[in-house]
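Numbering (the numbering used here), first residue to last: 1 to 742.
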């Protein structure tokens, strides 16, 4: 037996040795799927069934690809030249070689969502569609929805069911034209264009079919229609397709992922063999049992019996704060406890949340207690203004047809080419049917003030100069010299503010990133670097070595693990989201997301929530998440402290709500809340959630108030109350906890 198979459990070994024909590996959370994939690739190479370059391995993140490549190198003792990366990076690699067949330059730009929305906004302006009445991002994400369904603009127009759909389809058609003129593709195009390339050029498809004898795809449960067709086309020749995934971890249905790709694998690929990896090596029995109990409530899944030989471990502690700041305080208390008494460091702990907005109160409490943290998925480094400005210059040099980049940098730093001159260049380009940069090279024909004309000529010379120098200097030196001449460094040094210093640091960090890239590849190119930047994911910037608490959304946590994990915001309406509660399919995805989040935990897990939370500018009362009820009670331990450490005054200050209390020496009248009266059986019919305008009420947080308006009747009524200090709140009757003055 080859030592490549040593150390694998029987199920892992069977999956590694199944090297012929289609194979599906159901890999439960923490079951060693990366180990199976790497050993499988090493086994293929060791048995000489294929050369390394004949193997294609598709990963979910760039981080996973680097980890797998390193592991394979350790097994084989030499670096394998395997084509490995995400769907987007592999598709981009193919398109760089053959984009000319589709009418694109090989140096085509990759537009992110911000770039795409700029194109949409321009089109809306041309069509006289008000961006005040119709939001550009609504149109843009409508286009993305059509693309995820693989619908062309004409098909989208035919299927339009509303005026909005018709408007989106119309803009969609022009959007595609604008991107083609700019030789640019968005992220969706990176998946769609290879299929178009294969369809129009069968010989190119045949080239890749012949080359890749073995194809492996990780996280197959999160593939969409285009990715399925891509894999199906490439594997058609040799049939040696191995996919690894877990339907219980399918969490991207909202962006087009089709769980049917993994559930119906045998129908799509007849004769496929199926293996199940059910032994978990990550989490304690308690954590695994709790996560499995919730996801088992789903009907649309393949039955699996995950088990672990790990110890039972600690029960899962449930923390309930009075409000979101109190929730954060309870979390901080637990963090301090586990770090003091259990030997954990800050880098061992993750705080996970359903929505990005939840990070703000958590950050407030962490800062107040001097606890360092990093946010994964916040403002990305490459999205910062000064970084995008410099990358705009780089993109225009790589692709002079890139109109979005031209408009971003034509007057950055300020060089006297104002809005009127920019519009003149744009009009000339449109009239001549040429790119904006081409129009700038013909500035004498455009017609603009002398200063703007001279500066436009200087701009063209600058771009031309560094386009030529790109072939004479190495990439690191070229970037340093170019950035220095651009003038951003000089500008920010002269400003000498805290903000400009931060921007300056980001520019130096960008140059360091270019240096890291250049030293990490055999043939560094500007095109290669720009592609790497464009395809970075949130997880790629995660650094486990820093002594910081990690904050991220549950989606961003996919593929990571931590000794200690807090799942925050465990409230109905937040997790699961309100819109998912009444939709079976959406609720099942929320359960899968809970399963993913909880199984990130190795040793300890906490579930936290708040009785009330500031959302959408209002205080909203919450019920504990229904997922808590789906966990066996013996696996949970409810914390005893629920009263806020924050005074009502401090709570309001931290939620930006000012309330003025009137001091009084008179004893407060005795009050009973609606809920208390219901429990005591002393509630009269008028009090059963039937509030009336003018009624005087009291609240533990907001003080005395008067009801202004009541919408609806009964427990579901929405009650608008004006509290002292002119603080107006809209509350749901059954959750309001209003005290009725006697």
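Don't be surprised by glycine CBs; every beta carbon is placed ideally from N, CA and C.
Between the CA atoms of residue j and residue i - distance to the nearest angstrom
| i | j | result |
| --- | --- | --- |
| residue 522 | residue 560 | 29 Å |
| residue 57 | residue 213 | 11 Å |
| residue 419 | residue 140 | 25 Å |
| residue 259 | residue 223 | 8 Å |
| residue 480 | residue 110 | 23 Å |
| residue 708 | residue 733 | 14 Å |
| residue 486 | residue 185 | 27 Å |
| residue 358 | residue 567 | 11 Å |
| residue 150 | residue 170 | 16 Å |
| residue 332 | residue 366 | 7 Å |
| residue 156 | residue 117 | 19 Å |
| residue 744 | residue 314 | Here the chain covers residues 1 to 742 and nothing more, so residue 744 does not appear. |
| residue 198 | residue 204 | 6 Å |
| residue 511 | residue 413 | 18 Å |
| residue 17 | residue 492 | 59 Å |
| residue 740 | residue 698 | 6 Å |
| residue 12 | residue 254 | 32 Å |
| residue 159 | residue 356 | 34 Å |
| residue 15 | residue 27 | 11 Å |
| residue 316 | residue 517 | 42 Å |
| residue 60 | residue 87 | 8 Å |
| residue 89 | residue 122 | 28 Å |
| residue 96 | residue 360 | 41 Å |
| residue 322 | residue 596 | 27 Å |
| residue 562 | residue 66 | 20 Å |
Local Cβ density within 10 Å of residue i, reported as buried at 16 or more and exposed below that
| i | result |
| --- | --- |
| residue 70 | exposed |
| residue 649 | Caution applies to residue 649, whose pLDDT of 39 falls short of 50 and renders its modelled position unreliable; the value that the coordinates give is listed next. So residue 649 counts as exposed. |
| residue 531 | buried |
| residue 6 | exposed |
| residue 667 | Because the pLDDT at residue 667 is just 38, under 50, the model does not fix this residue reliably, and the point stays unresolved. |
| residue 606 | buried |
| residue 100 | exposed |
| residue 662 | Residue confidence is low: residue 662 scores 31 on pLDDT, short of 50, so the model does not pin down where it sits. Its coordinate-derived value is still stated next. Counting Cβ neighbours within 10 Å, residue 662 comes out exposed, since fewer than 16 surround it. |
| residue 154 | exposed |
| residue 681 | Confidence is the limiting factor: at residue 681 the pLDDT is only 37, short of 50, which leaves the residue's position unreliable, though a coordinate-based value still follows. Residue 681 should be labelled exposed. |
| residue 581 | exposed |
| residue 728 | exposed |
| residue 74 | exposed |
| residue 477 | exposed |
| residue 81 | exposed |
| residue 508 | exposed |
Range of the contiguous alpha helix (DSSP H) that encloses residue i
| i | result |
| --- | --- |
| residue 406 | 403-409 |
| residue 437 | 436-441 |
| residue 709 | That residue, residue 709, is in no alpha helix (DSSP H); its beta strand (DSSP E) goes 703-711. |
| residue 213 | From DSSP, residue 213 is part of no alpha helix (DSSP H); its letter is neither H nor E. |
In DSSP terms, what residue i is bridged to
| i | result |
| --- | --- |
| residue 618 | 615 |
| residue 129 | The partner list for residue 129 (beta bridge, DSSP) is empty, contrary to what the question assumes. |
| residue 347 | Answer is none; residue 347 lacks a bridge partner. |
| residue 638 | 318 |
| residue 152 | Residue 152 is not bridged to any residue. |
| residue 353 | 553 |
| residue 307 | 279 |
N- and C-terminal bounds of the beta strand (DSSP E) containing residue i
| i | result |
| --- | --- |
| residue 370 | Per DSSP, residue 370 belongs to no beta strand (DSSP E) and is neither H nor E. |
| residue 111 | 109-111 |
| residue 275 | 273-277 |
| residue 85 | 83-86 |
| residue 749 | Nothing about residue 749 can be read from this structure; the chain reaches only from 1 to 742. |
| residue 609 | 601-610 |
Cβ-Cβ distance between residue i and residue j below 9 Å
| i | j | result |
| --- | --- | --- |
| residue 573 | residue 320 | no |
| residue 234 | residue 266 | no |
| residue 192 | residue 147 | yes |
| residue 488 | residue 417 | no |
| residue 8 | residue 36 | yes |
| residue 612 | residue 287 | no |
| residue 105 | residue 401 | yes |
| residue 394 | residue 436 | no |
| residue 551 | residue 362 | yes |
| residue 21 | residue 271 | yes |
| residue 576 | residue 590 | yes |
| residue 446 | residue 421 | yes |
| residue 297 | residue 630 | yes |
| residue 624 | residue 570 | yes |
| residue 598 | residue 294 | yes |
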